[in-house]
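A.B. asks:
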Amino acid sequence: MLTRTVKGNSNTRRYRRKGAVAVMAAIMMTVIIGVAALTVDIGAMYNAKADLQRTADAAALAAAAKLSAYDEGNPAQLAVIEAQQYIADNMVFGKQRLVAESNDIVVGRADYNESTQSYDFTPSFVYPDAVRVRIRLAEETQNGPLSLYFARFFGYDTAEMGAEAIAMMVPRDIAIVADLSASHTDDSELRHLTLTQINMFDVWAALPIPKGNAGVGNGLDPPPPGNPNNENDQPGTGPGSPANAGGNPNPGAEPFNDSEDHGPRWGWMTAYGSEIVYNDVTEASEYDPTADIGLYYIPRYQDTTDPDVIENLTQAGYTESEREAILSSQYDNSSSHYNRRVQIMLGLSGWRSKMKDEFNNRDSKFNGGPGDGDDYIDSNELWQELDYPFDSGSWSNYIDYVRNNSYMTREYSTSYPDRNGDSRLRYRYGIKTVLNYILENKPSHSQTPELADCPVQPMQAVKDAVRELIDMLVELDTNDLVSLEGYDRYGRHLEDLIDGTSDYDTIVPKMDSMQGGHYDGYTNIGDGIQEAIYTLTNDSSEGRPDLARDVSRKVIFLLTDGNANTNENHQASTTNSYILASARAWALNRAQAAADLGMNIFTVSVGAGADTDLMDDIASIGGGSHFQASGSIDEYSAQLRTIFASLGGTRPVELIK
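Mapped onto this note's numbering, the consecutive letters of the sequence shown carry residue numbers 480 to 1136.
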């Protein structure tokens, strides 16, 4: 009989192994579920935290940008409202809208801590420059805590979390780059009388009043110091007939009256004359030089018949024969002879002719001296009655200017007025054409420094705008540094970076001391930008001190009223197409160089003469904005002040936490 021995039950062992796996699988499922729970909920917490931080960052940046909006209301209130709006527009997981608690949005000031090399935030409503925003998901907030899912199997239903961001208006290192070219006198000149209401009278009224011979009161009352007999005094200056009379030394006096509210007088050019009126409706000038009582008409190649000229010569004591010679154009083929007789007719020079009167007597007041007795006015027969009153120029040069300057010789048309010429002014001598000669031909500081204290436009509007900017920076305590650069044919570094602790006390006086065409008449915008680059990068090779800060934003405010006409090699022209193109390219090149260094450029153009396309391009390259001020002097002056006040308050914002 066959037998079988059974050593063990294999099925039993198999069942035992299956049971162990089941236990292990159950344990692992618990772990897996726990890990899944943690993964899902931790992911939710991370996503919620990211949503909170993103929202806090955006809200803080938007709120900080409102801290400069003084023209819109209370900046602190505006900042809080802006932050609340940004928070309300955002959600967690795209479902739950967020709300900020009232004490979680705080305005204050951020001060740089040198030891920690970071900013310290201090709550404050006094000119705040920073905003702290907190957003919380917590039981005590309107948002409530974050709801969890799988974690509740372990007893955790919710989680509390929050985010915080601080944004501030970043301090700036600002380079103001001002156009100092001669075009900054144009709106006070006759050349723009068909474009705007020029302010020539205001310039005249602000000029200093000469003192001394023929310059005290009416020239005789009282007599000039050291000259009691008035031997060198102006012919025809007696009480009631002032010649070089001093007027009101304060600008702003009303014109066209008989008071002494006026500027200086020269020779027999004693009245400002007719008002210059620009009609804003018709956009045309209503001024007619031929009817101006303040201008003497003394044409070349024509005998002078102006009754006022004849009366002046008569009152001065010239005999009839002398008057006939002075008024005659007989020798006008000689420009110098014409020039000399005009000087006499304007009372700028006297003539010692030694001519006999109609009774064959030499009883003329001017019979002394080297005169030869004929009717030709020799140069050695003149003596100077009145010295030219400024550092550069002469009466002879002024007469040549009125006689032959291109502006005075171009035809004027009432239908199509030539904005660069008015031949009606040719041969008309008086205070207006003296002023035009000075402004057009002698505008620089070395020639006529007195113009710096006159409201020459648009230069005065630029000065006022810079003052507005500085006042805004001081008022807001912005912690900005400001330098002053300029440009004409060359770039000019005028003032180093300075902070507001001294109220930027050198910037405004320096700007006020400038005048249109201060050094030179041309316009090198590229060099002006380059001067700003030197200053904002502390370029020691160009003599810049180490003042620009690593933590500040570098900003350039570039001003112009004209066109780039000087290139990198300082070649200058207003007509040469190659130079004009290269001048423009040089300006754009330097704008790109500034942008590559992280600098922002804001451009400001004044009036209709500026190349606004170029200023648009420069601002675009520099990541800034272009502002244009145009219209009448009053209009663009107001616009410039508004623009600069805005630039003073409009500051870049950055997160500092």
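For glycine and all other residues, C-beta sits at the position ideal for the given N, C-alpha and C.
What do you get for GLN621, buried or exposed, if any count of 16 or more other CB atoms within 10 angstroms of its CB means buried?
C.D. replies: With fewer than 16 other Cβ atoms within 10 Å, it is exposed.
A.B. asks: Contact check, TYR966 vs ASP1006 under 8 Å by CB: the rounded distance?
C.D. replies: Correct: roughly 5 Å between the Cβ atoms.
A.B. asks: Have a look at LEU669 and ASN915 and give me their C-alpha separation to the nearest angstrom.
C.D. replies: Approximately 7 Å between the Cα atoms of the pair.
A.B. asks: Within 10 angstroms of the Cβ of ASN1048, are there 16 or more other Cβ atoms? Answer buried if so, exposed if not.
C.D. replies: Classification for ASN1048: exposed.
A.B. asks: Grab the span of the alpha helix (DSSP H) containing VAL941 for me, first residue to last.
C.D. replies: Note, VAL941: alpha helix (DSSP H), 938 to 955.
A.B. asks: Hey, would you say SER1109 sits closer than 8 Å to GLY1086, going by beta carbons?
C.D. replies: Yes, they are a contact pair.
A.B. asks: Which residues bound the alpha helix (DSSP H) around PHE1123?
C.D. replies: From DSSP, the alpha helix (DSSP H) with PHE1123 extends over 1112 to 1128.
A.B. asks: To which residues of the same chain is GLN676 closer than 6 Å at the C-beta, ignoring the five residues directly before and after it?
C.D. replies: Around GLN676: TYR757 and SER1111.
A.B. asks: What are the boundary residues of the beta strand (DSSP E) that includes LEU914?
C.D. replies: Taken as a continuous stretch (DSSP letters only), LEU914 belongs to no beta strand (DSSP E), being part of the alpha helix (DSSP H) at 910 to 920.
A.B. asks: I'd like the list of long-range same chain contacts for ASP991, defined as Cβ closer than 6 Å, with 5 residues on each side in sequence excluded.
C.D. replies: Counting only Cβ-Cβ distances below 6 Å, and skipping sequence neighbours, we find LYS942.
A.B. asks: Distance check for ILE1080 and THR927, CA to CA, integer angstroms please.
C.D. replies: Between THR927 and ILE1080, the C-alpha separation is close to 33 Å.
A.B. asks: Measure the beta-carbon distance from ALA544 to ALA562 and round it to whole angstroms, keeping in mind my assumption that it falls under 8 Å.
C.D. replies: So it is not a contact: roughly 11 Å between Cβ atoms.
A.B. asks: Where PRO922 and ALA535 are concerned, what is the direct C-alpha to C-alpha distance, given to the nearest angstrom?
C.D. replies: Rounded to the nearest angstrom, the two C-alpha atoms are 56 Å apart.
A.B. asks: Determine the DSSP secondary structure at TRP830, reduced to helix, strand or coil.
C.D. replies: Residue state, collapsed to three classes: strand.
A.B. asks: If I'm right that ILE789 touches ARG819 with Cβ under 8 Å, what's the distance once you round it to whole angstroms?
C.D. replies: No, ILE789 and ARG819 are not in contact; Cβ-Cβ is about 18 Å, not under 8 Å.
A.B. asks: Could you have a look at ARG820 and say whether DSSP puts it in helix, strand or coil?
C.D. replies: Reduced to three states, the DSSP call for ARG820 is helix.
A.B. asks: Just confirm the distance between the C-beta atoms of SER662 and GLY1088, as a whole number of angstroms; I'd bet it's less than 8 Å.
C.D. replies: Contact holds; Cβ gap of about 6 Å.
A.B. asks: Expressed to the nearest angstrom, what Euclidean distance is found between the alpha-carbon atoms of ILE1004 and ALA1064?
C.D. replies: Straight-line Cα distance between these residues: approximately 10 Å.
A.B. asks: Locate the alpha helix (DSSP H) running through LYS1033, then write down its first and last residues.
C.D. replies: Taken as a continuous stretch (DSSP letters only), LYS1033 belongs to no alpha helix (DSSP H), being part of the beta strand (DSSP E) at 1032 to 1039.
A.B. asks: What do you reckon, are the CB atoms on ARG907 and LEU774 nearer than 8 Å?
C.D. replies: Cβ distance < 8 Å, so ARG907 and LEU774 count as in contact.
A.B. asks: LEU577 by DSSP, collapsed to three states: which one?
C.D. replies: If DSSP states are grouped into helix, strand and coil, LEU577 belongs with coil.
A.B. asks: Quick one: using the 10 Å Cβ neighbour count with 16 as the cut-off for buried, is GLY1128 buried or exposed?
C.D. replies: Result: buried.
A.B. asks: The beta strand (DSSP E) that contains SER602, what's its start and end?
C.D. replies: Per the sequence presented here, residue 602 reads as Pro, with Ser not at that position. PRO602 -> beta strand (DSSP E) spans 597 to 602.
A.B. asks: Report the residue from LEU674, ARG779, MET834 and GLY742 whose alpha carbon sits nearest the alpha carbon of THR1140.
C.D. replies: Residue 1140 lies beyond the range of the chain shown here (480 to 1136); nothing can be said about it.
A.B. asks: Please classify ARG576 as buried or exposed, where buried requires at least 16 neighbouring CB atoms within 10 angstroms.
C.D. replies: That one is exposed.
A.B. asks: From GLY1137 to SER858, what does the alpha carbon distance come to, in whole angstroms?
C.D. replies: Absent from the model: residue 1137. The displayed extent of the chain is 480 to 1136, so no value can be given.
A.B. asks: Between ALA685, LEU955, HIS924 and GLN1009, which lies nearest to ARG588 when the distance is taken from Cα to Cα?
C.D. replies: The shortest C-alpha separation from ARG588 is found at LEU955.
A.B. asks: Could you check if MET570 is buried or exposed, using at least 16 other CB atoms within 10 Å of its CB as the buried criterion?
C.D. replies: Result: exposed.
A.B. asks: For ILE1058 and CYS933, I'd like the C-alpha separation in whole angstroms.
C.D. replies: Whole-angstrom Cα-Cα distance: 33 Å.
A.B. asks: Which term fits GLU618, buried or exposed, when burial requires 16 or more other beta carbons within 10 angstroms of its beta carbon?
C.D. replies: So GLU618 counts as exposed.
A.B. asks: CB ARG611 to CB ILE645, shorter than 8 Å?
C.D. replies: Against a cut-off of 8 Å, the Cβ pair of ILE645 and ARG611 comes out as a contact.
A.B. asks: ASN526 to LEU625, Cα distance in whole Å?
C.D. replies: Computed Cα separation, rounded: 11 Å.
A.B. asks: Whole angstroms are fine: how far does the CA of TYR549 sit from the CA of ALA944?
C.D. replies: Looking at the two C-alpha atoms, the distance is approximately 17 Å.
A.B. asks: Tell me whether ALA722 is buried or exposed, calling it buried when 16 or more other Cβ atoms sit within 10 Å of its Cβ.
C.D. replies: Reliability of the predicted coordinates at ALA722 is poor, the pLDDT of 37 falling under 50, and the value obtained from them is presented with this limitation in mind. Buried: at least 16 other Cβ atoms inside 10 Å.
A.B. asks: Are at least three pairs of beta-carbons, each pair with one atom in the segment 642 to 661 and one in the segment 1025 to 1043, less than 8 Å apart?
C.D. replies: Contact between the segment 642 to 661 and the segment 1025 to 1043 is present, because at least three Cβ pairs lie under 8 Å.
A.B. asks: What first and last residue would you give for the beta strand (DSSP E) that runs through ASP1092?
C.D. replies: No beta strand (DSSP E) holds ASP1092; the alpha helix (DSSP H) holding it covers 1091 to 1100.
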